[in-house]
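Peer 1: Be aware that the sequence shown starts at 169, since it is given in this note's numbering, and climbs by one per residue.
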Amino acid sequence: MDKENAMQPILSNREFELFRNLIYKTCGINLAPSKKELVKSRLSKRLTHTGINSFEEYYRFVTKIDKSGQEMIHLLDSISTNKTDFFREKKHFEFLNTKLLPELITKKEKDRNKKLRIWCAASSSGEEPYTLAMTVLNHVNPENGWDIKILATDISTKILQKAISGVYKKETVRDVPLRLLASHFARVSVNNSTYYKARDHLKQLITYRRFNLMTPEFPFKNPFDFIFCRNVMIYFDPETQQRLVSKFYDCLPKGGYLFIGHSETLSRRVSKFNYIQPALYQK
Ligand SMILES: C[S@@+](CC[C@H](N)C(=O)[O-])C[C@H]1O[C@@H](n2cnc3c(N)ncnc32)[C@H](O)[C@@H]1O
Numbered sequence: 169m170d171k172e173n174a175m176q177p178i179l180s181n182r183e184f185e186l187f188r189n190l191i192y193k194t195c196g197i198n199l200a201p202s203k204k205e206l207v208k209s210r211l212s213k214r215l216t217h218t219g220i221n222s223f224e225e226y227y228r229f230v231t232k233i234d235k236s237g238q239e240m241i242h243l244l245d246s247i248s249t250n251k252t253d254f255f256r257e258k259k260h261f262e263f264l265n266t267k268l269l270p271e272l273i274t275k276k277e278k279d280r281n282k283k284l285r286i287w288c289a290a291s292s293s294g295e296e297p298y299t300l301a302m303t304v305l306n307h308v309n310p311e312n313g314w315d316i317k318i319l320a321t322d323i324s325t326k327i328l329q330k331a332i333s334g335v336y337k338k339e340t341v342r343d344v345p346l347r348l349l350a351s352h353f354a355r356v357s358v359n360n361s362t363y364y365k366a367r368d369h370l371k372q373l374i375t376y377r378r379f380n381l382m383t384p385e386f387p388f389k390n391p392f393d394f395i396f397c398r399n400v401m402i403y404f405d406p407e408t409q410q411r412l413v414s415k416f417y418d419c420l421p422k423g424g425y426l427f428i429g430h431s432e433t434l435s436r437r438v439s440k441f442n443y444i445q446p447a448l449y450q451k
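#1: Who pairs with PRO288 in a beta bridge, going by DSSP?
#2: What does the Cβ neighbour count give for HIS217, buried or exposed, with the cut at 16 atoms within 10 Å?
#3: Using beta-carbon positions only, say whether GLU311 and ARG398 come within less than 9 Å of one another.
#4: When you compare the CB of PHE263 with every CB in chain C, is at least one pair closer than 9 Å?
#5: Flag this pair as yes or no: are the beta carbons of MET382 and GLU432 separated by less than 9 Å?
#6: Among LYS283, ARG342, PHE261, LEU420, which has the Cα closest to the Cα of GLY313?
#7: Measuring CB atoms only, is the region 243–253 touching the region 319–327, in the sense that at least three cross pairs come out at less than 8 Å?
#8: Inspect the beta-carbon positions of GLU271 and ALA447 and report whether they are closer than 9 Å.
#9: Identify whether SER351 lies in helix, strand or coil by the three-state DSSP scheme.
#10: Could you have a look at LEU426 and say whether DSSP puts it in helix, strand or coil?
#11: Out of LYS267, ASN198, ARG210, point me to the one whose CA is closest to PRO406's CA.
#12: May I ask you to report which of helix, strand or coil DSSP gives ASP368?
#13: Nearest CA to the CA of LYS440: which residue from PHE416, HIS430, PRO201?
#14: Using three-state DSSP, classify PRO190 as helix, strand or coil.
#15: How about CYS419: is its Cβ closer than 8 Å to a heavy atom in ligand 1?
#16: Please go through the region 207–294 and give each complete beta strand (DSSP E) segment of 3 or more residues, from N-terminal end onward.
#17: Since I believe ASP234 is in contact with ASP343 (beta carbons under 8 Å), could you give me their beta-carbon distance rounded to a whole number of angstroms?
#18: Helix, strand or coil: how does DSSP classify VAL335 here?
#19: In or out: HIS369 buried (at least 16 other Cβ within 10 Å) or exposed?
#20: If you draw a straight line from the C-alpha of LEU300 to the C-alpha of GLN372, how long is it?
#21: Compute the minimum distance between the beta carbon of ASN380 and the heavy atoms of ligand 1, and state whether it is under 8 Å.
#22: Heavy atom of ligand 1 less than 8 Å from the Cβ of VAL335, yes or no?
#23: Excluding the five sequence neighbours on either side, which residues of its own chain have a C-beta within less than 7 Å of the C-beta of LYS208, listed in chain order?
#24: Can you tell me whether LEU448 is helix, strand or coil according to DSSP?
#25: Which partner residues of TYR443 appear in the DSSP bridge assignment?
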């Protein structure tokens with residue numbers, strides 16, 4: 169046993185089940201039994217932070233004592249997996265560039281409705297909504313009357329803070345074409361390290377909000393032109409995925425698109441969406 173493990177309190181199977189159920193009920197993440205060590209190591213940090221000595225006591229603190237709900241937010245922050253990238257799963261951006269955006273823009277110009285409404289659900293640290301913003305700006309210009317709004321939501325407050333700051337390491341922006349990097353990011357040097365900061369014109373297109381995809385009734389009054397919800401449904405069980413997908417359906421107009429992760433699929437038997445290409449569906 170290494171030194172760090174020797175100092176961590178023991179997480180019994182019963183305690184692991186309690187946290188597993190709590191996490192599932194709160195955010196839909198369905199942790200396999202094999203994730204016990206991961207949960208133990210991530211939650212141990214919260215025990216240290218709160219000065220609590222056992223997982224049982226920490227569970228009681230989160231569920232009964234902390235009425236503010238803040239510790240639940242920290243627990244979810246520590247459990248969520250936030251892996252993401254700029255221009256992740258490029259085929260989706262090719263589809264936006266070659267088909268969806270040209271067609272949508274032509275239609276909207278004809279209808280004199282120069283509004284684009286996009287929802288990036290599970291936006292993590294911002295790479296995905298900033299990629300969407302750069303892609304949209306390839307086609308339309310707010311100075312020509314286009315009103316573009318990208319709603320970017322995630323359950324993790326910590327990761328949303330990173331997204332809002334819009335500052336990325338040089339390695340993180342490696343997949344952003346140089347032309348786009350130069351137009352939409354400012355290069356900044358801090359302690360001999362290079363960072364790229366999203367410029368205001370890009371940030372202004374995006375509104376970041378904490379939003380739990382398990383929310384029973386979605387509060388959106390107006391439909392989105394398309395929704396990105398990629399690489400989060402893999403953590404949900406099939407029933408949870410189905411419920412979520414049918415809520416997305418209700419948030420789209422006829423012809424609206426739903427983008428999901430390439431390792432995810434919608435059951436054709438139960439979903440009302442039409443299949444377009446891998447990881448892309450249309451209402
Ligand atoms: C692996 S990242 C995917 C990020 C991005 N969509 C992509 O494909 O690159 C999954 C994100 O889903 C968020 N998440 C997990 N459960 C959620 C829930 N119930 N509601 C909203 N966001 C959730 C996590 O915080 C995390 O940032």
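Cβ atoms here follow ideal geometry from the backbone N, Cα and C, with glycine treated the same way.
Peer 2: Taking the definition as stated:
#1: Going by the sequence as given, residue 288 is Cys instead of Pro. ALA320, PHE396.
#2: exposed
#3: no
#4: Among the chains in the structure shown there is no chain C, since it carries only a single protein chain.
#5: no
#6: LYS283
#7: yes
#8: no
#9: helix
#10: strand
#11: ASN198
#12: helix
#13: PHE416
#14: Sequence check: residue 190 is Leu here, not Pro. Of the three classes helix, strand and coil, the one that applies to LEU190 here is helix, per DSSP.
#15: no
#16: 283–289
#17: Rounded, the Cβ-Cβ distance is 40 Å, inconsistent with contact.
#18: strand
#19: exposed
#20: 13 Å
#21: yes
#22: no
#23: GLN176, LEU179
#24: strand
#25: TYR449
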